[in-house]
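Each remark here refers to the structure printed beneath this line.
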Amino acid sequence: MICKHLLLFLITVALFNNTMAQNINNYDNNWKKVKAAEEKGLTKTAMEEVHAIYKLAQKDKIEAQQIKACMYLIRYRNMVQENSRENNIFFVDTLIRDAKAPVKNILQSMQAEMYWQYLQNNRYKFYDRSKTNQENSTDINTWSLNKLHQTITSLYKVSLQNEVLLQSTKLNGFEPIIIKGENTRNLRPTLFDFLAHRSLAYFVTDENDLTKPAYRFTLHDDKILQQILQFHIADEKPDALLDADFIRLNFVNEYGTQPQKEKLYEAALQHIETKYSNHPAAAEAMYIRANM
109 MICKHLLLFL ITVALFNNTM AQNINNYDNN WKKVKAAEEK GLTKTAMEEV
159 HAIYKLAQKD KIEAQQIKAC MYLIRYRNMV QENSRENNIF FVDTLIRDAK
209 APVKNILQSM QAEMYWQYLQ NNRYKFYDRS KTNQENSTDI NTWSLNKLHQ
259 TITSLYKVSL QNEVLLQSTK LNGFEPIIIK GENTRNLRPT LFDFLAHRSL
309 AYFVTDENDL TKPAYRFTLH DDKILQQILQ FHIADEKPDA LLDADFIRLN
359 FVNEYGTQPQ KEKLYEAALQ HIETKYSNHP AAAEAMYIRA NM
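Using our numbering, you'd call the opening residue of the sequence shown number 109 and step up by one each time.
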């Protein structure tokens with residue numbers, strides 16, 4: 109792709125920036141209390157302080173602070189509770205129920221990734237697992253692959269609801285919870301772009317060894333890609349549009365079954381070279397064609 113994708117912090121919360129200048133309360137002092145408690149080894153006290161920050165941020169409607177607090181709560185629960193990593197997935201359910209968009213959308217995307225990470229980290233458990241009718245909704249260890257994939261798919265899809273709100277929400281206010289890649293802001297200018305590409309990262313991943321069918325892309329992601337393309341079709345700068353189009357073309361070329369797909373792929377790349385001859389994407393299209 110044109111550049112590295114943005115990644116949402118899930119674990120490395122220690123690298124978060126200080127709070128935003130727009131906060132109407134002094135969250136910096138609140139987080140200093142959290143840090144002090146953690147440095148003394150008082151994890152439960154730190155967790156209580158974070159919970160207070162979360163409630164305050166909800167009251168003040170400071171979305172980035174709500175998400176940051178949620179991440180710290182998950183981190184501390186991992187430190188003090190048994191089987192916390194699995195339990196934290198379900199703990200996010202309580203946060204989602206209590207949240208409003210766009211915080212809810214971010215939490216849904218986070219939870220989807222947590223399920224996906226659980227699947228990746230425990231894939232060996234599924235090789236010899238026989239089908240069972242005794243799936244416990246609150247015990248992920250009893251779930252089948254189908255249930256996991258259905259849950260992940262559902263969460264990524266609902267994380268893109270409230271499309272108009274997400275498309276009008278710039279990422280500036282979420283600096284404390286986002287790692288920025290080099291020259292990425294034009295590629296992911298809104299929260300919709302950020303969450304949509306997080307969803308795509310799951311849908312376009314080939315997991316044949318876990319019986320996740322490749323055709324799932326045509327059922328779910330194609331709509332997501334079309335939403336991204338339509339959203340950016342009239343942009344003054346075509347960076348986000350072209351980035352999404354490269355993803356679409358690459359996937360169709362790799363997994364498509366249509367006749368002469370290579371020729372169609374090459375023609376599409378030539379179209380980019382011609383239409384956007386003064387854009388860096390033209391050079392990328394030329395490079396791809398040269399290596400076909």
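Just so it is clear, CB atoms sit at the ideal spot from N, CA and C, and this is done for glycine as well. Remember, predicted model here, so these are calculated numbers, not experimental data.
Handout entry: Bridge partners - T292, DSSP secondary structure assignment
Key = Beta-bridge pairing links T292 to no other residue.
Exercise for the section: Tell me where the alpha helix (DSSP H) around R231 begins and ends. Expected result: Counting along the chain, R231 falls outside any alpha helix (DSSP H), and DSSP gives it neither H nor E.
Problem - Enclosing alpha helix (DSSP H) for E156 [first to last residue] - result: 151–168
Exercise for the section: Report yes or no: do three or more beta-carbon pairs, one from the stretch 186–197 and one from the stretch 296–305, lie closer than 8 Å? Expected result: no
Handout entry: Which residues DSSP lists as bridging T298, in chain order
Key = K278
Practice task
Inspect the CB distances between the stretch 182–189 and the stretch 206–215 and report whether three or more fall short of 8 Å.
Solution key: no
Handout entry: Beta-carbon gap between T298 and L274 smaller than 9 Å
Key = yes
Exercise for the section: Compare the C-beta of Y384 with all C-beta atoms of chain C and state if any pair is closer than 9 Å. Expected result: The structure shown contains no chain C, having only a single protein chain.
Practice task
Starting from the C-beta of A220, find all residues in its chain whose C-beta is less than 6 Å away, skip the five residues before and the five after it, and write them out in chain order.
Solution key: I260, L263, Y264
Exercise for the section: Please classify N186: does DSSP put it in a helix, a strand, or coil? Expected result: helix
Exercise for the section: Can you tell me which of M400, A309, A177, K369 puts its alpha carbon nearest to the alpha carbon of I355? Expected result: A309
Exercise for the section: Can you have a look at L227 and say buried or exposed, based on whether 16 or more other CB atoms are within 10 angstroms of its CB? Expected result: buried
Exercise for the section: Pick helix, strand or coil for Y223, following the three-state DSSP scheme. Expected result: helix
Handout entry: Where R205 falls, given that 16 or more other Cβ within 10 Å makes a residue buried
Key = exposed
Practice task
Report buried or exposed for T231, applying the criterion of at least 16 other Cβ atoms within 10 angstroms of its Cβ.
Solution key: Looking at the sequence itself, residue 231 is Arg, so the reference to Thr does not match. R231 should be labelled exposed.
Practice task
Run the CB neighbour count on Q173, radius 10 Å, all protein chains shown included, and call it buried at 16 or more, exposed below.
Solution key: buried
Practice task
For P346, collect the residues of the same chain with a Cβ closer than 7 Å to its Cβ; drop the 5 residues on either side in sequence, then sort them by chain order.
Solution key: Y384, H387
Handout entry: Bounding residues of the alpha helix (DSSP H) (the contiguous stretch that carries T257)
Key = Looking at the sequence shown, residue 257 is not Thr but His. Element bounds for H257: 253–266.
Practice task
Would you list, in sequence order, the uninterrupted alpha helix (DSSP H) runs of no fewer than 4 residues that lie entirely inside the stretch 319–390?
Solution key: 324–340, 347–363, 369–383
Practice task
For W251, collect the residues of the same chain with a Cβ closer than 6 Å to its Cβ; drop the 5 residues on either side in sequence, then sort them by chain order.
Solution key: E243
Handout entry: Of the listed residues I170, E156, F234, nearest to V188 (C-alpha basis)
Key = E156
Exercise for the section: Answer with buried or exposed for Y395, where buried requires no fewer than 16 other C-beta atoms within 10 angstroms of its C-beta. Expected result: exposed
Handout entry: M218 burial status per 10 Å Cβ neighbour count (16 or more: buried)
Key = buried
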